[in-house]
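Protein sequence lines, in the order shown, are assigned to chains U and Y.
In short: position in the first sequence from 1, add 7, done, that's our numbering.
In short: position in the second sequence from 1, add 70, done, that's our numbering.
Report on one structure; see the data block that follows.
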Amino acid sequence: MAILVDKNSKVLVQGITGTAGQFHTKRMIEYGTQIVGGTSPGKGGEIVEGVPVYDTVEFAVDATGADISVIFLPAQFVREAAIEAIWAGIKHVVVIPEHIPIFDMMAIRKEAKRYGTIVLGGNTPGIISPGQANLGIMPDIAFKRGKIGTVSRSGSITYYVADTLTRSGYGETTCVGLGGDPVLGSTFDDILMLFEKDPETEAVVMCGEIGGVYEEIAKDTISRMKKPVICMIGGVFAPPGKRMGHAGAIVEGNMGTAKTKLKALEDAGAHPAKTFLEIPRILEAEGIKPAY
Amino acid sequence: MRLFEYEAKQLFANNKIPVTQGVLCSTPAEVRNAVLNFEGKGVLKVQILSGGRGKAGGIKKVESPEQAVDVAEDLFGSTVKGFPVERILVDPLLNIRREYYLGVTIDRARYRIVFIGSPTGGVDIEEFAKKNPDKVFKESFEIDENMYGFQSYGLGLQLKFRKERLKQASAIISGLYRTFKQYDCKLAEIIPLVETEEGELIAADARISLDDDALFRHPDLVKMGIEKRHEEGEMTPREKLARENGIPYLDLDGNIGMFPGGAGFGIMGIDFINYYGGKPANFMDSGGGPTPERLAKMLELLDDNPAVKAIFGARFGGISRCDDFAKGVIMFLKNHGLSKPMVMRMTGNQWEEGVRLFEEAKAESPELFQDIEAHGIETPIEDIARRAVELAAEEAR
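This is the structure we're talking about:
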């Protein structure tokens, strides 16, 4: 199994007629992803990369049974597009563009909670279940089907971690990009619980970085998990950043530095890795055997 | 994106929050005139994009026009918290009876808007909040919720505003919340809200931070001259140059030039270099799909830095494709040339094309590539980091 997406997922591309939408639709299809349709208001009836285009998500869902969507649209259209998808019954929405206004992502999150939808991003490289489906912009070369789940705030870190798992024989079940924007559609704990329930996933690598609170608030979930969690936090040597005023300090308190994140995660039982190469060593020490 | 105090006050005034009627001045003569209009007294406040102005000497009380000129002459041309002082806001002196703190921000963990108020204001609100959590009142809201009158009135009661001021306090509280929502703020603070001896409530200082990413839907702010701006204090010449070229860049104090790919590995790469005993000369985000021209500019920036002894290059192509990366590196080698050793690794989307471009260019002019050690997916990135540390150490010797 895998989480969120597999070879049976029926994928819709919102913004399929744009340059990025078209380019990555082709790549995703080549990987074997089941792209069943795209949307672009006013362009219903066209065909892009062999895929039918619909005017609205609702039409696309009716015609194709699409259950997951990837958004390739400029940031200012993402709120509309994501909520349209959520209301049309799409189960997972992947927001590739970056710089989504914070209020927009909060509105999307609210609708997603109401309908039980999982939204990833903004600024996510996407999600891949190796050998089954690749949604977004991730480079195929890093991934191979195996037994470790990964979840990360950064695209490049996702690739490096998967590359290391692939080369050490562990491979991946699913790699999830949470996204790099300051407010995200999903948090680490949302995704960690899915990996905990996935029978094929034997351990999870979570990668965060300085800033924000998403790593710290994952600690309760991690302490409830039976599967080993390996954590990496970027920014141990980063110069101190800016704080969000007094109100930010009062709300977020002692969170946001590499130190506070590592401490929260280690206290919850996660195993810290400093470099990518330490990950397979920790897996081995945890008694997990390579997949191939 | 932070606003100047006078800008923030303008936005508050738009939502009927009483603010001090200060005068924005650019010369000591203007400061003198402003003070004369306030019966010879006032508060001079430097307008910079930073908090903590008072403690840094950027806020001064003056008792006479002559003193105002002296103080203004000292302030203009000085730097406060790294910012050159170009403008001073002259506020009338208030007879302060009491100071409150009011703020609105986002609770990212819970995805809610949070209103925070305290009956003790002032710059030490954070310390106060830590020691007296029971005296700091919070109320949180869903993103699409408005603050009802009974809620702002209730907050006013909790904050112990005097009975005859409650109605006004309630209007200020809801006005602050409205301002926050109206302009896509990340933070809006009145710090402090002053109750004067005369019994008036007035915002003495104001702080607003906007969501840069939402500025596109606020043409009214752009009309006010509020556009994307840089919030750092002093920038190094290289940071300025990087900024002019749209390159996210910070100078650090080491000797390894970092050309790392996206921001995620830009941050973690700094850790790796440190783990292997090296010191990065910079932070850079070279991801996000830059054009070959911009990539070439990034390398020039590193190569021109005399502190840099070796360059660490990494590209794991996702949205930033390897063919563009190779084009950028080749453009740099041809037009500028590499004057220090560089070790790099390239893999990811379009890596085959990237490798082909390199081989073609190398066959044409091998001398351009003599200082480059190029690797692909077979070499772990850790080895590249370790090698960069070695190269820098050799060069420094």
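Just so it is clear, CB atoms sit at the ideal spot from N, CA and C, and this is done for glycine as well.
Given the structure is predicted, the values throughout are model-derived calculations rather than measurements.
Helix, strand or coil at Y/LYS379 according to DSSP, with G and I counted as helix: coil
Sequence-distant residues of the same chain with beta carbon closer than 8 Å to U/ILE234, five excluded per side: Here the sequence assigns Lys to residue 234 of chain U, which means Ile is not the residue at that position. Correct list, in chain order: PHE202, GLU203, THR208, GLU209, ALA210 and VAL211.
When Y/LYS205, Y/TYR171, Y/ASN202 and Y/ASN344 are compared against Y/ILE261, the one with the closest alpha-carbon: Y/TYR171
The segment 311 to 322 of chain Y: positions lying closer than 9 Å to chain U by Cβ: LEU320 and LEU322
Interfacial residues, the segment 140 to 170 of chain U to chain Y, with Cβ spacing under 9 Å: GLY143, ILE144, MET145, PRO146, ASP147, ILE148, ALA149, SER159, ARG160, SER161, GLY162, SER163, ILE164, THR165, TYR166, TYR167 and ASP170
Residues bridged to Y/ALA126 [DSSP beta-bridge criterion]: Bridge partners of Y/ALA126: none, in fact.
Residue span of the alpha helix (DSSP H) that contains U/MET35, given as start and end: 26 to 38
8 Å Cβ cut-off: residues of chain U touching Y/VAL184: ALA254 and VAL258
Assumed close pair Y/ALA273, Y/ILE87 - CB separation to whole angstroms, cut-off 8 Å: 6 Å
8 Å contact criterion, which Y/CYS255 and Y/SER279 should meet: CB distance rounded: That belief holds up - the Cβ atoms of Y/CYS255 and Y/SER279 are roughly 7 Å apart, short of 8 Å.
Candidates Y/ASP374, Y/PHE231 and Y/MET305, of which the one nearest Y/PHE153 by Cα: Y/MET305
Y/GLY388: contacting residues in chain A (beta-carbon distance under 8 Å): Protein chains U and Y are contained in the structure displayed, whereas chain A is not.
Proximal residues to Y/GLY424 (C-beta, below 7 Å), its chain only, five neighbours per side dropped: CYS392, ASP393, PHE395, ALA396 and MET416
Distance, U/PHE150 Cα to Y/ILE176 Cα: 36 Å
Residue-level contact to chain Y via CB, U/LYS281, 9 Å cutoff: yes
Residues, ordered as in the chain, of the segment 164 to 177 of chain Y that lie near chain U by beta-carbon distance below 8 Å: TYR171, GLY173, VAL174, THR175, ILE176 and ASP177
Neighbour list for U/ARG86 in chain Y, Cβ cutoff strictly below 8 Å: Identification of chain Y residues near U/ARG86 by a Cβ-Cβ cut-off of 8 Å yields none; the smallest Cβ-Cβ distance measures about 11 Å.
Residue-chain proximity (U/THR181, chain Y), Cβ-Cβ < 9 Å: It does not; no Cβ of chain Y falls within 9 Å.
Run of the beta strand (DSSP E) containing Y/ASP281, from where it starts to where it stops: In the DSSP assignment, Y/ASP281 falls outside any beta strand (DSSP E), carrying neither H nor E.
N- and C-terminal bounds of the alpha helix (DSSP H) containing Y/LYS466: Sequence inspection shows Ala at residue 466 of chain Y; the Lys mentioned does not correspond to that position. Per DSSP, Y/ALA466 belongs to the alpha helix (DSSP H) from 451 to 466.
Own chain residues within Cβ distance below 7 Å of U/THR228, not counting five before or after: ASP196, LEU199 and MET200
Neighbour list for Y/LEU227 in chain U, Cβ cutoff strictly below 7 Å: Correct list: empty, because the minimum Cβ distance to chain U is about 20 Å.
Contact list for the segment 337 to 356 of chain Y against chain U, Cβ threshold 7 Å: ILE337, MET338, ILE340, ASP341, PHE342, ASN344 and TYR345
CA nearest to the CA of Y/ASP374, picked from Y/PHE402, Y/LEU159, Y/PRO360 and Y/GLY357: Y/PHE402
Short CB-CB distance (under 9 Å) between U/TYR299 and chain Y: no
Uninterrupted beta strand (DSSP E) stretches inside the segment 424 to 449 of chain Y (no shorter than 3 residues): 442 to 445
Sub-9 Å separation of U/ALA271 and U/ALA225 beta-carbons: yes
U/TYR61 classed as buried or exposed, judged by whether at least 16 other C-beta atoms fall within 10 angstroms: buried
Within 9 Å, strictly: CB atoms of Y/ILE337 and U/GLY242: yes
Buried versus exposed call for Y/ARG16 [16 or more other C-beta atoms within 10 Å across all chains shown]: Since the first residue of chain Y shown is 71 and the last is 467, residue 16 of chain Y is not available in this structure.
Residues from the segment 108 to 120 of chain U in contact with chain Y, defined by Cβ distance under 7 Å: PRO108, ILE109, PHE110, MET113, ALA114, ARG116 and LYS117
Length of the line joining the Cα atoms of Y/LYS79 and U/CYS182: 46 Å
Reduced DSSP secondary structure (H/G/I, E/B, other) of U/PRO206: DSSP places U/PRO206 in coil when its eight states are reduced to three.
Near-chain U residues of the segment 397 to 430 of chain Y (beta-carbon distance less than 8 Å), N- to C-terminal order: Identification of residues in the segment 397 to 430 of chain Y having a C-beta nearer than 8 Å to some C-beta of chain U yields THR417, GLY418, ASN419 and TRP421, given in sequence order.
Collapsed DSSP secondary structure at Y/ALA384 in the structure displayed: Here DSSP, grouped into helix, strand and coil, assigns Y/ALA384 to strand.
CB contact check: Y/PHE286 to chain U, cutoff 9 Å: yes
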